[in-house]
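Asker:
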Amino acid sequence: MERLVCGDAALGSRDEILARLYSGALKVGKREAVEAWQRAWLGKAQACATAACLAEAYDERNAELQRSEGGVKVGSDFFCEEPKGNHSTLNVVGPVHGFASVSLMSNYVGPGGVEVGDVATAATDAFLDLR
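Our numbering numbers the first residue of the sequence shown as 182 and each following residue consecutively.
The structure is reproduced here in structure tokens:
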């Protein structure tokens, strides 16, 4: 894993972004739970034999951390509130060496309202090469 990360600029940036997000999660979350969550991810990442596999593992983990309270504190968070509970959050971390990690999450509350569970959530993530 270390050889792959050190030999690839995009993986190195993903690693630095993850370090920032993980640090933020430790500051605001329950430390033991955050550490256990990270250990589980490390097991998955260390099983990767290719840069593509490792990039996917980093992107997945970075997105999870960005959506956490710690991620919102680390990144530049743009929040849009609409009537009736609808809201969207765009979180950007970076740029780090010409790369950035982006997470967009949107919640829509339908006519039935939150009380009856008429809520739809959509999310998308990206790792951007800004060079």
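Idealized CB from N, CA, C, for every residue including glycine. Since the structure is predicted, the reported quantities are computational estimates derived from the model, not experimental observations.
(1) For the alpha helix (DSSP H) holding Gly193, just list the boundary residues, first then last.
(2) Who are the Cβ neighbours of Leu246 in its own chain at under 6 Å, not counting the five residues just before and after it?
(3) With DSSP collapsed to three states, give me the class of Asn288.
(4) Would the segment 277-285 count as touching the segment 304-312 if we require 3 or more Cβ pairs under 8 Å?
(5) Going by beta-carbon coordinates alone, are Ala232 and Leu192 separated by less than 8 Å?
(6) Measure the Cβ-Cβ separation of Ile198 and Val277 and say whether it is below 8 Å.
(7) Whose CA, out of Ser287, Pro292, Thr270 and Leu223, lies closest to the CA of Asp196?
(8) Please state if the CB of Leu235 and the CB of Met182 are separated by a distance shorter than 8 Å.
Answerer: Taking the geometry as given:
(1) Ala190 to Val209 is the extent of the alpha helix (DSSP H) around Gly193.
(2) Counting only Cβ-Cβ distances below 6 Å, and skipping sequence neighbours, we find Leu202, Ala206 and Gly252.
(3) Asn288 carries a strand assignment under DSSP once its states are collapsed to helix, strand and coil.
(4) Segments in contact, yes.
(5) Against a cut-off of 8 Å, the Cβ pair of Leu192 and Ala232 comes out as a contact.
(6) Cβ distance < 8 Å, so Ile198 and Val277 count as in contact.
(7) The shortest Cα separation from Asp196 among Ser287, Pro292, Thr270 and Leu223 belongs to Leu223.
(8) For the 8 Å CB-CB criterion, Met182 and Leu235 form a contact.
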